[in-house]
Amino acid sequence: MTAGIIDGKVHAERVRAEVAAEVAELRAKHGLQPGLAVVLVGDDPASQVYVKSKGEHSLAVGMHSVTHRLPADTQQGELLRLVADLNADPLIHGILVQLPLPKHLDEKAVIAAIDPDKDVDGLHVVNAGRLVAGLPALVACTPTGCLIMLKATLGDLTGKRAVVVGRSLLVGKPVAQLLLAEDCTVTMAHSRTRDLPAVCREADILVAAVGRPRMIRGDWIKPGACVIDVGINRVPFDDPIKAAEGRTKLVGDVHYKEALQVAGSITPVPGGVGLMTVAVLLQNTVTAAKRQAGIEA
Ligand code: NDP
C-alpha cells in the first residue's frame, strides 16, 4: 500500500477561489473590500519573498493590499506607531507583521500592540485565549491549513486519536486546540515525551511540527494513519556530488519515503502544508473584515 498524497496546491487553490468569490460578494452586496496590511522590517531575503507573495495573493483575490517596508534600523517606537495607525485605519481589516523581526525589536510587544480583531496571524494572546475558550478567534494560519486538509481528506474527525508532536504557540498548541474542537482525542508530545515512537503509533492523525529533519520514521506510524508534516527543514542533498557542491533541499519532520509505505495519506514537503499558509491568511482577512463590519459568517 502507498499513502495517498495530500496536495497542498490543490487545497490552497480551492481556498483562494472561495476567498475570491467571497470578496466579490462582499464588495457587491456590502461595498466592503477586505484590506490587508503587511509590515516588513529589514531585508531578510526569505521574509521578502513571503511578503511579496502575501501582497500578490491578496491583490489577486480582489482585496485592498498595502505593504509597509521599513529599514532594518527601525526603532520600536516607530514600529508601534505604524501598528497603531493600522489599528485605526478603517480600510485595513488585517495586520501582519512579518517575523522574525530584527534582534533589537521586541516581537512580543509588537504582537501585543496589534488589535486582536485585526490579528490575522492569530498570534495575539487574546486570540490564543479565545481559541481555548471556544470563542470566535482568528487562528494562526498554518494550524488552520492543517485542519482544512485533514477535514477534506478524512471528513468527520470525531473520536479520532490525534497526536501532535511539537507544542509551540505558532503551530503545535493551536493545532491541538483545533483538533480538540473537532472532538478528537488529542495527545500533545514534545521533547520530554517518553517513548515518542509508541505515542505516535497510537495516532489516527499524526501532526509533526518539530523542526527536525525526517525525525518521524515509518515504524512510528500506525498503518493507514493520516500524517500532516508541518516541518520545513533545509538539508544537504542525499546525492554526495550535489551535497559536495553545497546544494540543499527542503524536507519535513517525517521520513517521507518510509511513511509513504505505511500511512493512509500524507502531506509532502515541499508541496503540502506550507502552501496553505498564505491562502488561510487571506481567509482570515475576510473573516476579520466581516466581523468588523458586523457581517457574521
Ligand atoms: P518550535 O521550535 O517553536 O517548536 C518545536 C517543538 O518541537 C517544541 O515544542 C519542541 O519541544 C518539539 N521538539 C523538539 N525536538 C523534539 C524531539 N526530539 N522530540 C519531540 N519533540 C521535539 O518550532 P515551530 O512550531 O515554530 O515549527 C516547527 C516546524 O514547522 C519547523 O520546521 C518550522 O520551520 C515549520 N513551520 C512550517 C510552517 C509552514 O507554513 N508549513 C509555519 C511554521 C512553522 P519542547 O517544547 O519540549 O522544546
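According to this note's numbering, the sequence shown holds residues -6 to 290 in order. Glycine included, every Cβ here is placed at the ideal spot set by N, Cα and C. All values reported here derive from a predicted model rather than from experimental measurement.
With respect to S258, T137 sits apart: the two C-beta atoms are not nearer than 8 Å.
Rounded to the nearest whole angstrom, the C-alpha separation of R7 and L143 is 14 Å.
With a threshold of 16 other beta carbon atoms within 10 Å, T278 meets it and is buried. Counting only the Cα atoms, A53 lies some 10 Å from L275.
Here A106 is not near A133, since their CB atoms are 8 Å or more apart. Closest option to L98, judged by alpha-carbon separation, among D108, E71, V156: E71.
Around the beta carbon of A202, 16 or more other beta carbons lie within 10 angstroms, which makes this residue buried. When the alpha-carbon of E100 is set against those of L116, I85, G87, P109, the nearest one is in L116. With a cutoff of 7 Å, G(-3) does not count as near ligand 1, since its C-beta is closer than that to no heavy atom of the ligand.
Here V266 really is in contact with I221; their C-beta atoms are around 6 Å apart, less than 8 Å. Judged by DSSP secondary structure, T146 falls within the alpha helix (DSSP H) whose first and last residues are 134 to 147. In the DSSP assignment, M269 falls within the alpha helix (DSSP H) that extends over 269 to 285. Of the heavy atoms belonging to ligand 1, at least one sits nearer than 7 Å to the Cβ of I225. With fewer than 16 other beta carbons inside 10 angstroms of its own, R62 counts as exposed.
Between the segment -5 to 9 and the segment 248 to 256, the count of Cβ pairs shorter than 8 Å is three or higher; the stretches touch. Proximity of the beta carbon of M56 to ligand 1 is not indicated: no heavy atom of the ligand is located closer than 7 Å.
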